[in-house]
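Numbering (my numbering) for the sequence shown: 54 to 189.
Encoded as structure tokens, the structure appears first; notes follow it.
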Amino acid sequence: MKHEETYRVYYEDVDLAGIVYYANYLRFIERARSDMLRDHGINQSELRNHHGIVFVVRRVSADYISPLKFDDLATVKTEIIHLTPVRIEMNQILLVRQKRLFEAKITLACTDLNGNLIKMPNEIFKRLKPEPEQNG
């Protein structure tokens with residue numbers, strides 16, 4: 054599954070020099086992950102409130118390549134690269150005008166509200182399953 058979202062950088066995201074604070078890159082990619090789920094019919098509030106299931110970040114590996122600045126339009130590309138009933142691995146790339154500024158590999162775990170690993174519902178798993186490559 055692939056997804057793309059674009060976000061504007063505001064004053065709340067930057068330091069006095071107009072550069073995005075390093076931790077805020079994670080906020081942009083978190084928004085993109087949440088928007089990807091929502092766009093594929095997965096309501097995280099409903100998943101939590103009705104099924105007692107949440108997706109939590111287990112691992113982040115990030116590379117800061119070039120600074121993101123105030124008023125930039127940042128595009129975040131998200132791709133699920135591996136999926137199991139309890140884990141989602143994805144690559145996320147943040148670009149401005151097609152220039153790669155940041156990339157991260159994220160591992161999410163599916164847990165109950167006490168933090169115990171739990172299998173995601175089959176209908177959620179099917180929605181997240183990467184589409185097969187098309188030949189031709």
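The C-beta atom is built at its ideal place from N, Cα and C for all residues, glycine as well.
These numbers come from a predicted model, not from an experiment.
Assuming residue 174 and residue 93 make a contact with CB atoms under 8 Å, what is their CB distance in whole Å? No, residue 174 and residue 93 are not in contact; Cβ-Cβ is about 14 Å, not under 8 Å.
Kindly indicate which residue of 133, 138, 137 has the alpha-carbon position closest to the one of residue 145. 133
Is the separation between the beta-carbon of residue 154 and that of residue 121 shorter than 7 Å? yes
Beta-carbon within less than 6 Å of residue 156's beta-carbon, same chain only, minus the 5 sequence neighbours each way: which residues are those? 116, 146
Residue environment, residue 131, which counts as buried when at least 16 other CB atoms sit within 10 Å: buried
Outcome for residue 64 when other beta-carbon atoms lying within 10 angstroms are tallied against a minimum of 16: exposed
Rounded to whole angstroms, what's the CA-CA distance from residue 123 to residue 181? Just pull it up for me. 33 Å
Assign residue 68 to buried or exposed, taking buried as 16 or more other Cβ atoms, counted over all protein chains shown, within 10 Å of its Cβ. exposed
According to the Cβ coordinates, are residue 58 and residue 76 closer than 7 Å? no
Excluding five sequence neighbours on each side, which residues of the same chain lie with their C-beta closer than 6 Å to the C-beta of residue 112? 160
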